[in-house]
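Quick note on numbering: the sequence shown equals residues 768 to 1067 in the numbering used here.
By construction, the Cβ of each residue, glycine as well, lies at the ideal position given by its N, Cα and C atoms.
Predicted, not measured: the structure shown is a model, and the values here were computed from it.
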Amino acid sequence: MTRYALAVDVGGTKMEAALVDEHGVLERGSRSRRATGRDATPESLDDAIATLISHALSRLPDDAELVGVGIGSAGPIDRNVGQILPVNMPAARGYGLADAVRTTASGLLGRALPTVFGHDGGALALAESWLGATKDARSSLSIVVSTGVGGGFVVNGAYIPGATGNAGHLGQVRREGGLTLEEIASGPASAAWAQQQGWTGSTGEDLARDATAGDAIARAAIERSAKAVGEALADAATLVDLDMVAIGGGFSRVSADYIDLVQQALTASAAHEYSRRTRVVRSGLGDEGPLIGAAALVLR
């Protein structure tokens, strides 16, 4: 009998759910999504949870053993009480996500279902450590550079949640001029900075296109983002003694050499030989990573 977990991933723009087996493979047809966004409310999240979980459980194989639910959510979160406190869904602040998912899944299944709740960055880090780019690392950080910047730590194969489940919020560390890393290096922040320099595009995709075509401002915005990420990672590597960092997210693909630029900035900025040895690699799991990570909270 194959063990499965129900995986739920909650972000600022969408919520997804799927069944994931003990080998980290998503069950065909079980994955679905619903929009969230800044207007998300407890009521709209309740509705999304009911729809997504019902769909996923309808695809549970007859011979499967469903062992629990894993939830990864954008943060901040309070893992101790199961609540989310998201900056990008202000009306959902204090929402009891863990209880809502547990109650819905258990009700549909007809039995109590163990539920494990974590920050989405930590879930992603666990997935990368299990099946992705950092599986050979002893101490790793996995991050996403996209609309926001976030991440999580894994040490010796174990997810390190911190006191409330928020360890890895790299995007909220302060950098130049008191700005957070996210306010400098994310896709929207990079596009906004380029516009202030006279660039006429509007999105990260526009930056990628124009930089490839030789636009100096677009290229400078990409290099500025990578430099800020690399310098922040140098600090993290010095503090936590990392041997590997995996980077994913849409904006990390804005140029073919983005990962190389981050590595160069980390190596140049790191204070000690051990932190200068930290390797930066591209995430290995693509857009399935957050769901695999949520499932890994239960399966690993």
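- In this structure, the straight-line span from the alpha carbon of residue 890 to that of residue 1061 is close to 5 Å.
- The shortest CA-to-CA distance from residue 800 to any of 813, 789, 809 and 818 is the one to 818.
- Proximity of the region 1024-1035 to the region 991-1000 meets the contact definition, three or more beta-carbon pairs being nearer than 8 Å.
- Here the alpha carbons of residue 1011 and residue 1040 stand approximately 14 Å from one another.
- Looking from the CA of residue 856, the closest CA among 953, 845 and 805 belongs to 805.
- Going by DSSP, residue 1056 is part of the alpha helix (DSSP H) stretching over 1056-1066.
- Take the alpha-carbon of residue 830 and the one of residue 798: they are about 19 Å apart.
- A distance below 8 Å between beta-carbons, with the five flanking residues on each side excluded, links residue 880 to the following residues of its chain, in chain order: 773, 833, 835, 836, 869, 872 and 873.
- In this structure, residue 777 and residue 803 form a Cβ contact; the two beta carbons are roughly 7 Å apart against a cut-off of 8 Å.
- According to the DSSP secondary-structure assignment, residue 909 is paired through a beta bridge with 919 and 1013.
- Residues of the same chain with a CB within less than 6 Å of the CB of residue 982, apart from the 5 flanking positions on each side, do not exist.
- Among the bridge pairs identified by DSSP, residue 850 is matched with 845.
- For residue 781, the uninterrupted beta strand (DSSP E) segment begins and ends at 781-788.
- In this structure, the beta-carbon distance from residue 1009 to residue 1045 falls below 8 Å.
- Within its own chain, the residues whose Cβ lies closer than 7 Å to the Cβ of residue 807, once the five positions on either side in sequence are excluded, are 856, 858 and 859, listed in chain order.
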